[in-house]
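Per the numbering used here, the very first residue in the sequence shown carries number 26; after that it's consecutive.
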Amino acid sequence: MIGKRLKNGDTIGLISPASIESIENINNGKKIIADLGFNIAEGKHVYDKWGYFAGRDKDRAEDIMRMFIDDSIDMILCVRGGYGSMRILPFIDFDLIKKHPKIIIGYSDITVLLNTINQRCGLITFHGPTLSSDLQEKNTLMSLLNTLKDGFKPYSIMNPSSIILECYGKENVQGELVGGNLCLITSNLGTPYEIDTKNKILFLEEVGEEPYRIDRMLTQLLLAGKLQQCKGIILGQFTDCDINGEKENEFTLWQVIENRILSLNKPVMLNLMSGHSYPKLTLPIGARVELNYRKGSVDVLEPVVK
26 MIGKRLKNGD TIGLISPASI ESIENINNGK KIIADLGFNI AEGKHVYDKW
76 GYFAGRDKDR AEDIMRMFID DSIDMILCVR GGYGSMRILP FIDFDLIKKH
126 PKIIIGYSDI TVLLNTINQR CGLITFHGPT LSSDLQEKNT LMSLLNTLKD
176 GFKPYSIMNP SSIILECYGK ENVQGELVGG NLCLITSNLG TPYEIDTKNK
226 ILFLEEVGEE PYRIDRMLTQ LLLAGKLQQC KGIILGQFTD CDINGEKENE
276 FTLWQVIENR ILSLNKPVML NLMSGHSYPK LTLPIGARVE LNYRKGSVDV
326 LEPVVK
């Protein structure tokens, strides 16, 4: 199931499913969106504050549902991540979303929404920038617009030519793309919303976690069988996740990846530019993709919008 492609003049609905964002950052993002030729509709609770959340759980979920059922909204853009999306999962009507499929995009904490909506509804969702991201960064904006406007035919996702994508494996492999933020994926294990990785291509990214914490989360995925079940793995940006300076009795991030992931002898792509740094490439969650080692690309094999 796919949403309709984005066109100039379409209306983008803004929601805050997780943490609070400043009014200044929201206004800056809105100006960029408007300058790109799109209309804007705000969720009723975008500016709410409840502790560290952008409003109460039911209110944040209500904004999501309103955006899906409102036929004047062409695309749903999350204002930011932070923390809070998993708290609203019990209040989302997935059957209703099935009846009103459309583009929804975000990253980080939004990982739980992207994967759960895809698994429960069969709707392709998008791991990409939020309203508070730097939407003026050239490669980030190009990837976003090319995907949402022109993704009605197969296409390839590639790093900028100056950034190497490391490939491990001998043969191309295909599967549905799932995943996102490592911390959020592990947090949902053991719940009705845990990620399904069987025969999938698993994408992982993270920010601000030391190697031992990355080790712990990857080990949790191993103990849950999630890394063994997938057909291939894409590692995105692991921003500020290595040790600072020399520490005695420490593993580096690379050593953790080598031990916990490369040791599985699965096809792996390392350093895809998607995550908590820039450029921030847009990835279609739920789409069938191929890890193409000859081209150094993630080839999307089917339309992601119509």
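Backbone N, C-alpha and C define an ideal beta-carbon position, used for all residues, glycine too.
Only a predicted model underlies this, so the values are computations on that prediction, with no experimental measurement involved.
Give a yes or no on whether the C-beta atoms belonging to leucine 139 and isoleucine 310 are separated by under 9 Å.
Yes, the Cβ-Cβ distance between leucine 139 and isoleucine 310 is below 9 Å.
Whose C-beta lies closer than 6 Å to the C-beta of aspartate 240 among residues of the same chain, with five residues either side of it excluded?
Val281
Under 9 Å, do leucine 260 and isoleucine 220 count as touching if we go by C-beta distance?
Inclusion of leucine 260 and isoleucine 220 in the CB contact set at 9 Å is not warranted, their separation being larger than that value.
How far does the alpha helix (DSSP H) with threonine 172 in it reach, from first residue to last?
163-175
Under the three-state reduction of DSSP, which class applies to threonine 244: helix, strand or coil?
Residue state, collapsed to three classes: helix.
Could you tell me if alanine 59 is buried or exposed, where buried requires 16 or more neighbouring beta carbons within 10 angstroms of its beta carbon?
Result: exposed.
Take aspartate 95 as the anchor and find which of Lys69, Pro115 and Ala79 has the nearest alpha-carbon.
Lys69
Within its chain, find whatever has a CB closer than 8 Å to the CB of glutamate 327; leave out the 5 residues flanking it on each side and keep chain order.
Pro179, Ala312 and Arg313
In three-state terms, what does DSSP make of phenylalanine 93?
Three-state DSSP puts phenylalanine 93 in a helix.
Just list the residues that DSSP pairs cysteine 103 with in beta bridges.
Answer is Ile40, bridged to cysteine 103.
Going by other Cβ atoms of all chains shown within 10 Å of its Cβ, with 16 needed for buried, is asparagine 206 buried or exposed?
buried
Taking the alpha carbon of lysine 163 as the reference point, which residue from His152, Phe151 and Pro185 has its own alpha carbon closest?
Pro185
Terminal residues of the continuous alpha helix (DSSP H) containing valine 325?
Note, valine 325: premise wrong, no alpha helix (DSSP H); beta strand (DSSP E) at 322-325.
Might you give, ordered along the chain, the residues of its own chain that have their beta carbon closer than 6 Å to the beta carbon of glycine 194, omitting 5 neighbours on each side?
Pro292
For the segment 144-160 against the segment 42-57, are there 3 or more C-beta pairs whose distance is under 8 Å?
yes
Touching or not, the segment 116-128 and the segment 63-78, by the rule of three or more beta carbon pairs under 8 Å?
no
Please say whether asparagine 296 and isoleucine 142 have beta carbons closer to each other than 9 Å?
The answer is no: Cβ separation not under 9 Å.
Mind checking which residues open and close the beta strand (DSSP E) that includes phenylalanine 151?
150-152
Should threonine 172 be labelled buried (16 or more other beta-carbon atoms within 10 Å of its own) or exposed?
With a threshold of 16 other beta carbon atoms within 10 Å, threonine 172 meets it and is buried.
When the Cα atoms are used, what is the spatial distance from glycine 109 to glutamate 196?
39 Å
Can you look up serine 133 in the DSSP assignment and give me helix, strand or coil?
helix
Taking Cβ to Cβ, would you say serine 97 is nearer than 9 Å to threonine 36?
yes
Look up arginine 290 in the DSSP assignment and say whether it is helix, strand or coil.
The question names arginine, but residue 290 is asparagine in the sequence shown. Asparagine 290 falls in the coil class under three-state DSSP.
Alpha carbon to alpha carbon, how far is phenylalanine 119 from leucine 202? Give it in angstroms, no decimals.
20 Å
Hey, isoleucine 117 and alanine 86: beta-carbon distance below 9 Å or not?
With contacts defined as CB atoms closer than 9 Å, isoleucine 117 and alanine 86 qualify as a contacting pair.
Do you know whose CA, among Thr211, Gln254 and Thr264, lies nearest asparagine 224's CA?
Gln254
What separation, rounded to the nearest whole angstrom, lies between the Cα atoms of asparagine 290 and valine 323?
19 Å
Given this structure, state the Cα-to-Cα distance separating glycine 257 from valine 137, to the nearest angstrom.
20 Å
Tell me the DSSP secondary structure of alanine 86 in three-state form.
helix
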